[in-house]
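Notes follow once the structure below has been shown.
2 protein chains.
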Amino acid sequence: MNFSCNQTILSDSINIVQKAVSLKTTKPILKGILLKAYNNQLKLVGNNLSIGIENTIEANVKKEGSIVISSKLFGEIIRKLPNETINFSVNENNVIDITCLNTKFSIQGQSALEFPEIEEIDNTEEYEINSLIFKNMIRQTIFAISLDDSRPILTGSLIEIKNDNLSMVSIDGYRLSLKNISIDSDFVNKAVIPGKTLSEVNKILSQLNENNEKIKISITDKHIMFNIEKIKIISRLLDGEFIKYDQIIPNEFNSIVKINTSELLRSIERASLLAIESKSNTIKMIFKNSNLNISTNVEIGSVDENVDIELKGKEIEIGFNPKYLMDALKIIDSEEVIMKLTTSVSPCIIKPVDDESYTYLILPVRLS
Amino acid sequence: MNFSCNQTILSDSINIVQKAVSLKTTKPILKGILLKAYNNQLKLVGNNLSIGIENTIEANVKKEGSIVISSKLFGEIIRKLPNETINFSVNENNVIDITCLNTKFSIQGQSALEFPEIEEIDNTEEYEINSLIFKNMIRQTIFAISLDDSRPILTGSLIEIKNDNLSMVSIDGYRLSLKNISIDSDFVNKAVIPGKTLSEVNKILSQLNENNEKIKISITDKHIMFNIEKIKIISRLLDGEFIKYDQIIPNEFNSIVKINTSELLRSIERASLLAIESKSNTIKMIFKNSNLNISTNVEIGSVDENVDIELKGKEIEIGFNPKYLMDALKIIDSEEVIMKLTTSVSPCIIKPVDDESYTYLILPVRLS
Numbered sequence: 001m002n003f004s005c006n007q008t009i010l011s012d013s014i015n016i017v018q019k020a021v022s023l024k025t026t027k028p029i030l031k032g033i034l035l036k037a038y039n040n041q042l043k044l045v046g047n048n049l050s051i052g053i054e055n056t057i058e059a060n061v062k063k064e065g066s067i068v069i070s071s072k073l074f075g076e077i078i079r080k081l082p083n084e085t086i087n088f089s090v091n092e093n094n095v096i097d098i099t100c101l102n103t104k105f106s107i108q109g110q111s112a113l114e115f116p117e118i119e120e121i122d123n124t125e126e127y128e129i130n131s132l133i134f135k136n137m138i139r140q141t142i143f144a145i146s147l148d149d150s151r152p153i154l155t156g157s158l159i160e161i162k163n164d165n166l167s168m169v170s171i172d173g174y175r176l177s178l179k180n181i182s183i184d185s186d187f188v189n190k191a192v193i194p195g196k197t198l199s200e201v202n203k204i205l206s207q208l209n210e211n212n213e214k215i216k217i218s219i220t221d222k223h224i225m226f227n228i229e230k231i232k233i234i235s236r237l238l239d240g241e242f243i244k245y246d247q248i249i250p251n252e253f254n255s256i257v258k259i260n261t262s263e264l265l266r267s268i269e270r271a272s273l274l275a276i277e278s279k280s281n282t283i284k285m286i287f288k289n290s291n292l293n294i295s296t297n298v299e300i301g302s303v304d305e306n307v308d309i310e311l312k313g314k315e316i317e318i319g320f321n322p323k324y325l326m327d328a329l330k331i332i333d334s335e336e337v338i339m340k341l342t343t344s345v346s347p348c349i350i351k352p353v354d355d356e357s358y359t360y361l362i363l364p365v366r367l368s
Numbered sequence: 001m002n003f004s005c006n007q008t009i010l011s012d013s014i015n016i017v018q019k020a021v022s023l024k025t026t027k028p029i030l031k032g033i034l035l036k037a038y039n040n041q042l043k044l045v046g047n048n049l050s051i052g053i054e055n056t057i058e059a060n061v062k063k064e065g066s067i068v069i070s071s072k073l074f075g076e077i078i079r080k081l082p083n084e085t086i087n088f089s090v091n092e093n094n095v096i097d098i099t100c101l102n103t104k105f106s107i108q109g110q111s112a113l114e115f116p117e118i119e120e121i122d123n124t125e126e127y128e129i130n131s132l133i134f135k136n137m138i139r140q141t142i143f144a145i146s147l148d149d150s151r152p153i154l155t156g157s158l159i160e161i162k163n164d165n166l167s168m169v170s171i172d173g174y175r176l177s178l179k180n181i182s183i184d185s186d187f188v189n190k191a192v193i194p195g196k197t198l199s200e201v202n203k204i205l206s207q208l209n210e211n212n213e214k215i216k217i218s219i220t221d222k223h224i225m226f227n228i229e230k231i232k233i234i235s236r237l238l239d240g241e242f243i244k245y246d247q248i249i250p251n252e253f254n255s256i257v258k259i260n261t262s263e264l265l266r267s268i269e270r271a272s273l274l275a276i277e278s279k280s281n282t283i284k285m286i287f288k289n290s291n292l293n294i295s296t297n298v299e300i301g302s303v304d305e306n307v308d309i310e311l312k313g314k315e316i317e318i319g320f321n322p323k324y325l326m327d328a329l330k331i332i333d334s335e336e337v338i339m340k341l342t343t344s345v346s347p348c349i350i351k352p353v354d355d356e357s358y359t360y361l362i363l364p365v366r367l368s
């Protein structure tokens, strides 16, 4: 095996496939990156058996072949080399010589035979989405994924395709975050994607920073595949039935409130300081006439905030965990939000003003 | 007590005095900041009994007085308020009302009577230094302070004033870092300043970012005081005799080498990857003719680097812990460095080219 390639292109590619490499594993081969040189290209593969990532880059291949090299060491070496051509040659003992200008590394590699190749999945259905839109979809829902392993299905987000619509929803038992986008597809499909996978896809999209690229998605019974340019990400899906969330989103409300998003966020951030410090984690909100009063009253002190609102319907007093409000207000980009309330023990809905594509549901906290 | 002041000015001041506030202490009052309002100014004080920091800012004082408030909570509240005038009033129960636009906090304070005031020190001698020069002096020596508490005197830097010269030196048993600057003073004095104090002074100088300010230094038997504008930092000194470092810096050498600083640093960084990964922490350097060969040979692989040099004197083979070389090369700003060597078991001296003000001494490691 003998090939050469550019340092920066290789380093960027390592950053991508490393996201699927196990740091802690009982199978040492999974701590490595598979390198396959053929047809004047180099394929890099990381695979921790839950997620596998493949990326193909240009290379000048003099002799085809494959090898596995420690991901951590390989990444560090390539990152520290200058932006020049790097030459690789592998001998019969799997020793990899890496040379670049006045530097020569010789590193013990492992046979590629033991490396678990990524399972190919059938591309029967493929959904094509603008990557900037998909990235935003992840950002607006990923934070509401459950961190609690006792209900494994909630540690992922449900994506559902039907009626030319793709929805993504996360639920953690206290709140729900739902985003819809329209796509051009006649298929009906759904899958629950592990939070970890969405987080890695998000990081890769940020790293590419080519916002007009398309991301292509294919789903089978057990797997989902994301294709972005020369990058292929294959992840296992979560098993089981997701919560039928349609049934828990209310349609009728007693109070509908319009508020400036950043004023509301900043007031809640201040009111939350005492709630968090005292570990009560509760703020009280009173919506009345054209004013929202937000307060916390705990042993170490009290805080009282007032925000202008437009209220339609009944006045209402309700308690919330401020973190769950702040999480949603931070990812809503519109200047104003609508809060829809029924009683002090019913779910509250938050939506950006004039935007039906995003819905946040939050359960209130009983005030003592 | 009743006063008002600007949010940004107050927030910046809290950031400064907080550096002397204890987070973990058995005396709860030390987790607080002392506020003293008088003469249309507000004095803020943090004091953990090792370091005390005072800062005075402009305020509109309607009623003079003092109070102690939780440093963490106070800092968070002020940082989250908008950049407007903030009003403070304290009642007879030490409750502090903080109001700003539509926000009102009421926080339980503590009586200022229990707060340990900062000891005043006699300003008999005062040394005035450009703060940028002093900051650089800290940067070039602080990293060689010992982290090992078994020799407490080495957990600080010695500063010494004599013959219109101020020197600062740190030693950790493996290397020594010495910086000299000229000052205008007829005094003779010395003191060992705790590393923690220098680190906080450095952070405050970075925060002020007014590089042409003067820093004024006074030293007594037990304390050192730094005055920067309206900021006063008083620290205890370390007790005991510092190492007589003059005697360990050699004056005669067999080999004198000139090398490009960043080429040398980058080559050592690469060579160190295998040394660190394998925990051998040793690199081999062979200075011969016009070439420096740097290598590591461990179980997981080997690396071989070559750097152009100008060598005067004998060729030499010597081992080093790469971390100690990189630490020095990172803080040397000149394009080239001089390495002065005698034998493979004698200390090596590193200096910036054409700059006598800085000296680094490093002990070699025996090659196996």
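These protein sequence lines are chains A and H, in that order.
Going letter by letter, the first sequence gives residues 1 to 368 in our numbering.
Going letter by letter, the second sequence gives residues 1 to 368 in our numbering.
Beta carbons are placed, not taken as given, at the ideal position from N, Cα and C, and that holds for glycine.
Treat the numbers as computed from the prediction; the structure is a model and nothing was measured.
Close to GLU269/H, with beta-carbon spacing below 9 Å, are these residues of chain A in chain order: LYS80. As for any alpha helix (DSSP H) of minimum length 4 sitting wholly inside the stretch 137-222 of chain H, the runs are 195-208, ordered along the chain. Legend: CB atoms of the stretch 92-116 of chain H lying less than 7 Å from CB atoms of chain A belong to residues ASN102, THR103, LYS104, PHE105, SER106, ILE107 and GLN108. ASP304/A belongs to the set of residues whose beta carbon lies under 7 Å from a beta carbon in chain H. Runs of the beta strand (DSSP E) spanning 3 or more residues and lying entirely within the stretch 69-116 of chain A occur at 85-90, 95-100 and 103-108, in chain order. With the rule of 3 Cβ pairs closer than 8 Å, the stretch 100-116 of chain A counts as touching the stretch 60-71 of chain A.
THR124/H is classed as exposed because its beta carbon has fewer than 16 other beta carbons within 10 Å across all chains shown. Between the C-alpha atoms of SER302/H and ILE14/A there is a straight-line separation of about 21 Å. For the set ILE183/H, GLY195/H, LYS190/H and ASP186/H, the Cα lying nearest the Cα of ILE171/H is the one of GLY195/H. By the neighbour-count criterion, in which a residue is buried when 16 or more other Cβ atoms sit within 10 angstroms of its Cβ, PRO322/H is buried.
Note on ILE249/A: under 16 other CB atoms within 10 angstroms of its CB, so exposed under the neighbour-count rule. If you draw a straight line from the Cα of SER346/A to the Cα of PRO364/A, it is about 7 Å long. In this structure, DSSP gives LYS279/H a state outside helix and strand, which the three-state scheme calls coil. Of all C-beta pairs linking the stretch 329-340 of chain H to the stretch 151-159 of chain H, fewer than three are shorter than 8 Å, placing the two stretches out of contact.
Across the structure, THR8/H and ASN130/H are spaced so that their CA atoms are roughly 26 Å apart.
In chain order, PHE105, SER106, ILE107 and GLN108 make up the part of chain A whose C-beta sits under 7 Å from the C-beta of GLY301/H. Taking the CA atoms as reference points, CYS348/A sits about 10 Å from PHE320/A. At least one beta carbon of chain A lies nearer than 7 Å to the beta carbon of GLU76/H. If you draw a straight line from the Cα of SER218/A to the Cα of LEU166/A, it is about 13 Å long. Against chain A, the CB of GLU277/H has a partner CB under 7 Å away; the residue lies at that interface. Contact between PRO152/A and LEU49/A fails: their C-beta atoms lie close to 17 Å from each other, not under 8 Å. For the pair ILE233/H and GLU336/H, the Cα-to-Cα distance works out to about 37 Å. It is roughly 31 Å from the alpha-carbon of ASN254/A to the alpha-carbon of LYS279/A.
Sequence-ordered contacts of the stretch 28-39 of chain A with chain H are nonexistent [C-beta pairs closer than 9 Å]. Boundaries of the alpha helix (DSSP H) around MET326/A: 322-331. Counting C-beta pairs closer than 8 Å gives fewer than three between the stretch 58-65 of chain H and the stretch 350-363 of chain A, which falls short of the contact rule. In this structure the stretch 133-143 of chain A does not lie against the stretch 91-109 of chain A, because fewer than three pairs of beta carbons, one per stretch, are closer than 8 Å. For the 7 Å CB-CB criterion, LEU341/H and ILE309/H do not form a contact. ARG366/H carries a coil assignment under DSSP once its states are collapsed to helix, strand and coil. About 17 Å separates the beta carbon of ILE181/H from that of ILE224/H, a gap too long to meet the 8 Å contact definition.
Residue contact check for LEU73/H against chain A: a CB pair falls below 7 Å.
In the structure shown, the three-state DSSP call for ASN39/A is coil. The way I'd put it, the stretch 260-268 of chain H doesn't touch the stretch 79-92 of chain H; fewer than three beta-carbon pairs between them come closer than 8 Å. For LEU363/A, the nearest beta carbon of chain H is not closer than 7 Å to its own beta carbon.
Within 10 angstroms of the beta-carbon of LYS24/A lie fewer than 16 other beta-carbons, which makes it exposed.
Within 10 angstroms of the beta-carbon of GLY240/H lie fewer than 16 other beta-carbons, which makes it exposed.
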